[in-house]
Structure formats: C-alpha cells, structure tokens
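> Take this structure, written in structure tokens, and hold onto it; I'll ask about it next.
Protein chains: 2
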Amino acid sequence: MEASYRRIVGDIRRRIEAGELRPGDRVPSARAITREWGVAIATATKAHAALREEGLTIARPGVGTVVAGPVPRREHELSRERIIKAAITIADEHGMAELTMRRLAAGLGVATMSLYRHVPGRDELIIGMIDVAIGAVRLPARRPRDWRAGLEIVAREEWAIFQRHPWLGRSMSLTRPQMAPNGVRLSEWVLATFDGTALTMAERMYVQIALLTFVRGLAAAIEFEQEAVRETGLTSDQWLETQETTLAGMIEAGTLTRFEQLTADGFDFDLDQLFEFGLARLLDGLTLFVDARS
Amino acid sequence: MEASYRRIVGDIRRRIEAGELRPGDRVPSARAITREWGVAIATATKAHAALREEGLTIARPGVGTVVAGPVPRREHELSRERIIKAAITIADEHGMAELTMRRLAAGLGVATMSLYRHVPGRDELIIGMIDVAIGAVRLPARRPRDWRAGLEIVAREEWAIFQRHPWLGRSMSLTRPQMAPNGVRLSEWVLATFDGTALTMAERMYVQIALLTFVRGLAAAIEFEQEAVRETGLTSDQWLETQETTLAGMIEAGTLTRFEQLTADGFDFDLDQLFEFGLARLLDGLTLFVDARS
DNA sequence: CGCATTTGCGTACGGTGTACTCGCATGCCT
DNA sequence: AGGCATGCGAGTACACCGTACGCAAATGCG
Chain A
161 MEASYRRIVG DIRRRIEAGE LRPGDRVPSA RAITREWGVA IATATKAHAA LREEGLTIAR
221 PGVGTVVAGP VPRREHELSR ERIIKAAITI ADEHGMAELT MRRLAAGLGV ATMSLYRHVP
281 GRDELIIGMI DVAIGAVRLP ARRPRDWRAG LEIVAREEWA IFQRHPWLGR SMSLTRPQMA
341 PNGVRLSEWV LATFDGTALT MAERMYVQIA LLTFVRGLAA AIEFEQEAVR ETGLTSDQWL
401 ETQETTLAGM IEAGTLTRFE QLTADGFDFD LDQLFEFGLA RLLDGLTLFV DARS
Chain B
161 MEASYRRIVG DIRRRIEAGE LRPGDRVPSA RAITREWGVA IATATKAHAA LREEGLTIAR
221 PGVGTVVAGP VPRREHELSR ERIIKAAITI ADEHGMAELT MRRLAAGLGV ATMSLYRHVP
281 GRDELIIGMI DVAIGAVRLP ARRPRDWRAG LEIVAREEWA IFQRHPWLGR SMSLTRPQMA
341 PNGVRLSEWV LATFDGTALT MAERMYVQIA LLTFVRGLAA AIEFEQEAVR ETGLTSDQWL
401 ETQETTLAGM IEAGTLTRFE QLTADGFDFD LDQLFEFGLA RLLDGLTLFV DARS
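Residue numbers (the numbering used here), protein chains in the order written: chain A, 161 to 454; chain B, 161 to 454.
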C-alpha cells in the first residue's frame with residue numbers, strides 16, 4: 161500500500177488538473193485534510209510539502225495553501241478593480257455626492273469595512289477612479305502627421321471622457337494629472353505629437369496643460385449641469401427666479417443693458433458648442449505659437 | 161407738573177440726541193420703563209406712542225422699539241456680511257475642507273446655530289462667499305479702447321482673485337456664474353468691452369466663458385498646490401515616490417522616452433507662467449476670430 | 001394680563017469616513 | 001499535538017458634519 165500522504169497528493173493533483181481547483185484557489189488546509197481523509201495533521205502537512213515541492217502549490221501563511229499559476233480574473237470576488245469600477249458606476253449615475261463607502265459596499269454586497277482591505281481610503285479610491293477613467297481614452301496607434309490634428313484628437317477624446325464621467329472634471333484637480341499612470345501615458349502621446357516641430361519638451365508640456373486646463377475647466381460645469389437635471393428641473397425655475405430678483409434691482413440702475421439684451425435673445429448654455437468654440441480659438445493661438453518657433 | 165409720560169419722552173429723546181442711543185438701538189422697553197421710571201405700563205406705552213408719533217422711533221413687534229434712521233455698521237454684531245467675511249478668511253487660510261459651521265461660529269465667538277439666523281445654510285454661505293470674492297474685482301472705470309486689452313485686464317484680475325482665494329476655482333462651478341450679482345456686473349463689463357466690434361452678444365458671451373473657463377481651470381490647481389504646501393511638504397516627496405514607482409515600470413517598457421526627458425530636465429510647475437502662456441495663446445486665437453468677424 | 005412674534009441658542013438626528021477590535025482560519029514551529 | 005504569528009472579514013464605535021427642531025426669554029400690542 162502506498163504511503164497515505166501520496167494518495168492525498170494524488171487526489172488533490174487530480175482535482176487541480178481537472179480544473180476543479182484553479183490557480184489562486186485554496187487547496188484543502190491541513191485541518192481540512194485531517195477531517196476529509198481521516199489522517200493525522202502531520203500527514204496532511206507532508207502532503208502539503210509534497211505539493212509545494214512539485215511546484216503545484218505555494219503556501220501563504222495566514223491565508224492557506226494556494227494553487228500556483230497566474231491568477232485568473234475572478235468576477236465574484238472583491239478586488240480593488242471591482243471596487244473602483246462599481247464606484248465609477250455610482251458616480252456616473254448619481255453624482256459624486258452619492259458615492260459613499262457604505263453605499264458602495266452595499267452595491268457590491270459586502271460589508272462597508274471590507275472595502276478598506278483593498279483601498280486605503282476614499283481619497284485614494286477617487287484617484288483610482290480617475291486613473292481608470294483616463295485609461296479609457298483610446299488614442300490611435302498611428303499618430304497623425306499634423307500636431308494640430310493630434311491635439312484635436314486628444315482634446316475631443318478627453319471631452320468625451322469628461323462627458324461620460326461628469327464627476328471627473330471636478331475631482332481631477334485633487335491630484336496632479338501626472339500622478340495617475342494612465343495620465344502619464346496620455347502625456348507621452350501628446351508630447352510625441354510635436355515631434356516634427358522645434359518645440360522643447362517643456363514647451364510641449366505647457367501646450368498640453370493649457371489645453372487640458374481648458375477642457376477640464378469646462379468639464380467642471382458638466383456635473384452641475386447634470387445635477388440641475390437630476391433635481392427635477394426645479395433648479396432651472398429656481399435659477400430664473402433668483403436671476404429675476406437679482407437682476408431686477410440692477411437693471412433698474414440701468415447698468416446692465418447688454419446683459420439684459422443677451423437674456424432677452426434667449427441665450428442658452430450649450431457646453432458642446434462652448435467646447436468647440438474654445439478649442440478652435442485655443443488651437444488657432446497655439447498654431448501661431450508653433451509657427452513662430454519654426 | 162407735566163404729564164409723566166412727557167418726562168419719559170424727553171429723557172429718551174435726550175439720550176438719542178446725545179448719541180447715547182444710535183439708530184438701530186433698542187429704546188427701553190415698556191417693561192423696562194416701568195422699572196426705571198416707576199410708572200405703570202400704560203404710561204410707558206403712551207411714551208412709546210409719542211416717540212413713534214414724532215418719528216424718532218419705530219416699533220417692531222417681537223424685537224422692540226428701535227431708534228429710527230439709517231442703521232450704522234455695527235462691527236461687533238453678527239451679520240451676514242461678517243459671517244461671510246470670516247468664512248472667507250478661514251477658507252483662504254485653511255482650505256475649504258476646514259470651513260465648517262461649527263468652526264466658523266467658534267471663530268466668531270457665537271453659537272453654531274446663530275449663524276443660521278443670517279445664512280440659510282452652508283451652500284448659500286458659499287454662494288455669498290463667491291459673490292463677495294468676485295466683488296473684489298476692481299475694473300477701471302475708463303474702459304480701454306482695445307477689446308484685447310480689456311479682456312486681458314479682466315483675466316489678470318480674475319487670476320489675482322483666484323490666487324487670493326484658492327477655494328474659489330473649485331467652488332464656483334457649484335453655481336452658474338451669473339447667479340451672483342457681482343458676477344453679472346463682471347459679465348456686463350466684458351460684454352461692453354466688445355462694443356467696437358461686430359460680435360453679437362452671444363458671441364461675446366462665448367468669448368467670456370472660454371476665457372473664464374481657462375482661468376478657472378487653472379485656478380483649480382491652486383488649491384491642490386496650496387494643500388500640498390500645507391501638508392508639510394510631505395506630499396512633494398510622496399508625489400516623487402509615487403511617480404518613481406509608477407514610472408519605473410513604464411520606463412522599463414521603453415515607451416516614455418519623452419516624458420522621461422522632461423522630468424530629467426527638471427520641469428517644474430509654475431502656475432503663473434502657465435497662466436501667461438495660456439492667456440497669450442487664447443487671446444491670439446480670439447484675435448483671429450474677432451478680426452474675421454469684422 | 002394674555003397673545004403672537006422675534007431672537008438666540010442648546011439638543012439631537014441622521015449622515016459621513018474610518019480606526020479599532022474581535023473571531024476565525026491558516027501555515028509553521030516546537 | 002499544541003502554541004504561534006499572520007491574514008482576512010466584518011461588526012462596533014468614534015469623531016465630526018450640516019441642520020431640523022424646539023425651548024426660553026423678551027418684545028409690542030390688544
């Protein structure tokens with residue numbers, strides 16, 4: 161009769177090879193083996209050692225003996241990635257103010273404090289959200305020959321991201337844009353866009369920041385605009401009312417003729433148009449600058 | 161012997177004329193008169209009526225009989241103005257996060273809930289702060305002939321305000337800029353700057369918003385910069401460290417040559433330079449636009 | 001004298017982020 | 001076989017927030 165620990169090793173190996181136990185899963189613990197196979201704990205330890213020897217498993221004190229190999233994505237388990245994704249969903253749909261740790265945990269079906277095993281705190285969570293959001297920017301692998309076209313692509317891409325994530329504009333200033341890994345990737349792409357020009361790296365960076373600043377500044381208005389919509393359009397009335405009482409006194413003083421004319425014409429905010437207008441002006445100005453450098 | 165209520169009226173009138181009781185002060189109440197002059201309450205009421213008849217006082221139910229006339233500034237008393245000013249001071253010095261109603265009240269030496277007699281809530285307080293801050297913008301009465309010069313003045317003035325109040329950039333998008341009375345005043349000035357051009361009011365508004373958006377976007381970075389300084393410079397190190405570990409992996413991949421070169425050159429953020437650069441480019445672009453319209 | 005009204009302010013509530021702690025399961029050492 | 005340090009999940013508790021509510025005192029008035 162073969163040594164009983166060899167039988168245990170064989171059983172477990174079979175389970176691994178059958179895919180019953182996948183990489184990252186916990187093999188039966190020593191205590192569990194004693195119960196399952198009816199052996200002493202020494203035997204169980206010996207089996208563990210043999211498995212480890214074969215490279216099939218690795219032992220992690222405090223957690224268990226785990227099947228070796230690249231850990232596959234495990235959808236149902238809590239992870240930093242999954243938390244961030246859920247947080248982004250909440251922020252997108254209900255606004256940043258609604259993103260609380262409790263609500264986030266409830267949405268994930270876990271206890272509040274469990275989040276803190278994967279994320280240091282709310283601020284760091286937001287930084288992670290920013291990075292993931294920026295990471296969604298898709299830049300064409302083939303860089304356009306024209307720097308202006310490249311810049312326009314980036315700006316439009318950023319604008320799209322800001323629209324998809326209304327909270328992003330106001331949260332981004334929490335951190336230096338470069339801090340997030342995906343921000344660095346974006347920066348590099350923009351810097352490279354100017355490769356055909358005489359601009360120094362510092363100058364390119366200035367250009368990039370000027371552009372991003374404008375887009376981000378405009379994006380900061382998105383959240384408010386959306387919040388206004390969320391609040392049952394009441395804000396629109398309320399705004400009108402406030403404006404009315406506010407303006408009444410000033411118009412009486414007769415010093416607001418142009419502003420009055422503007423509102424009479426039914427001027428309306430359209431963020432997309434504002435974006436297009438500002439982008440065109442900024443790119444025009446940058447063109448003058450780049451041309452002067454060449 | 162004269163009617164005793166006439167004596168009381170005389171006494172009180174003397175106090176008022178002597179400046180002992182100033183406009184807005186409360187004249188002795190009916191109860192107080194009965195105690196002070198030893199008369200019946202009917203007499204006291206009669207005295208009050210006589211004073212009111214003379215136009216010296218006005219009666220305000222629930223508060224008292226008050227000396228008539230324009231109410232002078234009363235430094236030591238709580239007022240919406242004083243609250244807003246104190247709030248701005250706190251936000252300037254310690255950041256918006258430190259601005260709590262409790263702390264604000266403590267700084268003013270009053271109970272927390274006393275604030276709510278003068279301010280509906282924190283949000284409205286912030287709106288008031290924004291308005292006061294914007295109200296500090298000093299525009300020359302004599303408008304420059306050149307629209308570009310005018311725009312530059314406004315932009316620099318706004319930038320100065322944003323620097324003086326680091327919280328302003330992030331808070332302003334809470335509301336439409338026009339909501340605050342002083343914002344309207346500013347808008348009107350900018351609109352008027354283009355009087356010599358062919359721009360429609362809507363176009364002028366677009367120009368203004370584009371400019372303000374850029375300035376505000378850049379201003380959003382001020383708060384973080386200041387916060388970094390506040391946190392004992394640790395953030396600077398921490399940032400470097402994060403950047404190091406972050407970049408290490410990416411540089412290894414060999415895809416960040418330009419960014420690497422930038423940091424090697426010791427590129428440093430200088431918000432003022434960024435402002436100047438962006439402003440110049442934006443104004444250049446706007447010039448092309450305005451010229452094309454003429 | 002009773003009344004409604006104004007004012008100042010204390011208490012309390014429902015919410016937040018998160019520090020702390022406890023129980024449990026683990027691999028390892030003696 | 002038993003004791004150990006370790007890792008993990010989760011519950012409890014704390015400090016703090018904005019502010020609704022209500023009470024007590026003072027007032028002019030009928």
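Built from N, CA and C at the ideal position, the CB exists for glycine as well.
Source: prediction; values computed, not measured.
1. Beta-carbon within less than 7 Å of Ala210 (chain A)'s beta-carbon, same chain only, minus the 5 sequence neighbours each way: which residues are those?
2. Starting from Val227 (chain B) and walking both ways along the beta strand (DSSP E), at which residues does that stretch end?
3. If you drop the 5 nearest sequence neighbours on each side, which residues of the same chain put their C-beta closer than 7 Å to that of Val375 (chain B)?
4. Looking at the C-beta of Ser458 (chain A), does it have a partner C-beta in chain B at a distance below 9 Å?
5. DSSP three-state label for Arg186 (chain A), please.
6. State the Cα-Cα distance for the pair Glu348 (chain A) and Val450 (chain A), rounded to the nearest angstrom.
7. What does the alpha-carbon distance come out to for the pair Thr373 (chain A) and Thr217 (chain A)?
8. Does the beta-carbon of Pro230 (chain A) have 16 or more other beta-carbons within 10 angstroms, so that it is buried, or is it exposed?
9. Using 8 Å as the Cβ pair cut-off and three pairs as the minimum, do the region 438–448 of chain B and the region 438–453 of chain A touch?
10. Here's the rule I'm using: 16 or more other beta-carbon atoms within 10 Å means buried, otherwise exposed. How should Ser396 (chain A) be labelled?
11. So with Cβ pairs under 9 Å, would you call Thr373 (chain B) a contact of chain A?
12. With a threshold of 16 other CB atoms inside 10 Å of the CB of Met332 (chain A), please say whether the residue is buried or exposed.
13. Report yes or no: is there a C-beta of chain B within less than 9 Å of the C-beta of Ile218 (chain A)?
14. Run down chain B in chain order and give the residues with a C-beta less than 8 Å from the C-beta of Arg522 (chain A).
15. Counting only Cβ-Cβ distances shorter than 7 Å, please list the residues of the region 340–366 of chain A near chain B, keeping chain order.
16. Can you tell me which of the three DSSP states Thr217 (chain B) falls into?
17. Report the residues of the region 296–309 of chain B with a CB closer than 8 Å to any CB of chain A, ordered along the chain.
18. Within 10 angstroms of its Cβ, does Leu446 (chain B) collect 16 or more other Cβ (buried), or is it exposed?
19. Below 7 Å between beta carbons is the criterion; list the residues of the region 419–433 of chain A that meet it against any residue of chain B, in chain order.
20. Skipping 5 residues on each side, what residues in its chain have a beta carbon closer than 8 Å to that of Leu299 (chain B)?
21. With a threshold of 7 Å on Cβ separation, who are the neighbours of Ala271 (chain B) within its own chain once the five nearest residues in sequence on each side are excluded?
22. Would you kindly work out how many angstroms separate the C-alpha atoms of Gly288 (chain B) and Ala340 (chain B), rounded to a whole number?
23. Reducing DSSP to helix, strand and coil, say where Thr353 (chain A) ends up.
24. I'd like to know whether the C-beta of Leu446 (chain A) is nearer than 9 Å to at least one C-beta of chain B.
25. Less than 9 Å between the C-beta atoms of Leu328 (chain B) and Ala370 (chain B), yes or no?
26. According to the Cβ coordinates, are Arg303 (chain B) and Thr357 (chain B) closer than 9 Å?
27. Three-state secondary structure (DSSP) at Arg305 (chain A)?
28. Under 7 Å Cβ-Cβ, which residues of chain A neighbour Gly438 (chain B)?
29. Does the beta-carbon distance from Leu268 (chain B) to Leu259 (chain B) come in below 9 Å?
30. What does Arg441 (chain A) touch in chain B if you count any residue whose Cβ is under 7 Å from its own?
31. So what's Glu237 (chain B) in DSSP terms, helix, strand or just coil?
32. Just confirm the distance between the C-beta atoms of Ile222 (chain A) and Ile294 (chain A), as a whole number of angstroms; I'd bet it's less than 8 Å.
33. Going by C-alpha to C-alpha distance, which of A:Thr249, A:Ala207 and A:Arg191 sits closest to Asp171 (chain A)?
34. Considering only the alpha carbon of each residue, which of A:Ile243, A:Asp425, A:Met365 and A:Pro280 lies closest to Thr423 (chain B)?
35. Could you give the distance in angstroms between the alpha-carbon of Met261 (chain A) and the alpha-carbon of Arg282 (chain A)?
By the coordinates alone:
1. In the first sequence, residue 210 (chain A) corresponds to position 50, counting from 1. So the qualifying residues of the chain are Tyr165 and Val169.
2. Indexing the second sequence from 1 puts residue 227 (chain B) at position 67. Element bounds for Val227 (chain B): Gly224 to Val227.
3. Taking the second sequence and counting its residues from 1, one reaches residue 375 (chain B) at position 215. Result list for Val375 (chain B): Ala315, Glu318, Trp319 and Phe322, in chain order.
4. This structure cannot settle anything about residue 458 (chain A), because the visible part of chain A is limited to 161 through 454.
5. On the first sequence, residue 186 (chain A) is found 26 positions in, with the first residue counted as 1. Arg186 (chain A): strand per DSSP, three-state reduction.
6. Stepping through the first sequence from its first residue, residue 348 (chain A) is reached at position 188. Stepping through the first sequence from its first residue, residue 450 (chain A) is reached at position 290. Answer to the nearest angstrom: the Cα atoms are 19 Å apart.
7. Locating residue 373 (chain A) in the first sequence gives position 213, counting from the first residue. Locating residue 217 (chain A) in the first sequence gives position 57, counting from the first residue. If you take the alpha carbons of Thr373 (chain A) and Thr217 (chain A), they lie about 51 Å apart.
8. Position 70 of the first sequence, counted from the start, is the residue given in the question as residue 230 (chain A). Pro230 (chain A) should be labelled exposed.
9. yes
10. Here residue 396 (chain A) refers to the residue found at position 236 when the first sequence is read from its first residue. Unreliable positioning characterises Ser396 (chain A) in this predicted model, as indicated by a pLDDT of 46, which lies under 50. A coordinate reading is not provided.
11. One-based indexing of the second sequence puts residue 373 (chain B) at position 213. Closer than 9 Å to some Cβ of chain A, the Cβ of Thr373 (chain B) qualifies, so yes.
12. Position 172 of the first sequence, counted from the first residue, corresponds to residue 332 (chain A). So Met332 (chain A) counts as buried.
13. Along the first sequence, one-based indexing puts residue 218 (chain A) at 58. Chain B contact via Cβ: absent.
14. Within the shown structure, residues of chain A are numbered from 161 to 454, placing residue 522 (chain A) beyond reach of any answer.
15. Pro341, Val344, Ser347, Glu348, Leu351, Ala352, Met361, Ala362, Met365 and Tyr366
16. Stepping through the second sequence from its first residue, residue 217 (chain B) is reached at position 57. Strand at Thr217 (chain B).
17. none
18. The residue labelled residue 446 (chain B) in the question sits at position 286 within the second sequence. When all chains shown are included, Leu446 (chain B) counts as buried.
19. Phe419, Gln421, Leu422, Asp425 and Phe427
20. By one-based count along the second sequence, residue 299 (chain B) stands at place 139. For Leu299 (chain B), where only same-chain residues beyond five positions count, the Cβ hits under 8 Å are Ile313, Val314, Glu317, Leu346 and Trp349.
21. On the second sequence, residue 271 (chain B) is found 111 positions in, with the first residue counted as 1. So the list reads Ala265, once near-sequence residues are dropped.
22. In the second sequence, counting from the first residue as 1, residue 288 (chain B) sits at position 128. In the second sequence, counting from the first residue as 1, residue 340 (chain B) sits at position 180. Cα to Cα, Gly288 (chain B) sits roughly 8 Å from Ala340 (chain B).
23. In the first sequence, the residue the question calls residue 353 (chain A) occupies position 193. Of the three classes helix, strand and coil, the one that applies to Thr353 (chain A) here is helix, per DSSP.
24. As a position in the first sequence, residue 446 (chain A) is number 286, starting the count at 1. Yes, contact with chain B.
25. Reading the second sequence from its first residue, position 168 is the one you call residue 328 (chain B). Reading the second sequence from its first residue, position 210 is the one you call residue 370 (chain B). Contact: no.
26. Within the second sequence, the letter at position 143 stands for residue 303 (chain B). Within the second sequence, the letter at position 197 stands for residue 357 (chain B). No, the Cβ-Cβ distance between Arg303 (chain B) and Thr357 (chain B) is not below 9 Å.
27. To locate residue 305 (chain A), count along the first sequence from 1; it is residue 145. Correct three-state label for Arg305 (chain A): coil.
28. Here the question's residue 438 (chain B) lines up with position 278 in the second sequence. By Cβ distance, chain A contributes Ala370 and Thr373.
29. Here residue 268 (chain B) refers to the residue found at position 108 of the second sequence. Here residue 259 (chain B) refers to the residue found at position 99 of the second sequence. Contact: no.
30. Mapped onto the first sequence, residue 441 (chain A) falls at position 281. Here the neighbours are Ala370, Leu442, Gly445, Leu446 and Phe449.
31. Taking the second sequence and counting its residues from 1, the one referred to as residue 237 (chain B) is at position 77. It is coil, neither helix nor strand.
32. For the purposes of this step, residue 222 (chain A) is taken as the residue at position 62 of the first sequence. For the purposes of this step, residue 294 (chain A) is taken as the residue at position 134 of the first sequence. The residue asked about is misnamed: residue 222 (chain A) is Gly in this sequence, not Ile. With 8 Å as the limit, Gly222 (chain A) and Ile294 (chain A) do not qualify as a contact, their Cβ atoms being about 35 Å apart.
33. As a first step, residue 171 (chain A) is located in the first sequence; it is residue number 11 there, counting from the start. With distances taken between Cα atoms, Asp171 (chain A) lies closest to A:Ala207.
34. Residue mapping note: residue 423 (chain B) aligns to position 263 of the second sequence, counting from 1. The shortest C-alpha separation from Thr423 (chain B) is found at A:Met365.
35. Here the question's residue 261 (chain A) lines up with position 101 in the first sequence. Here the question's residue 282 (chain A) lines up with position 122 in the first sequence. Those two C-alpha atoms are separated by around 7 Å.
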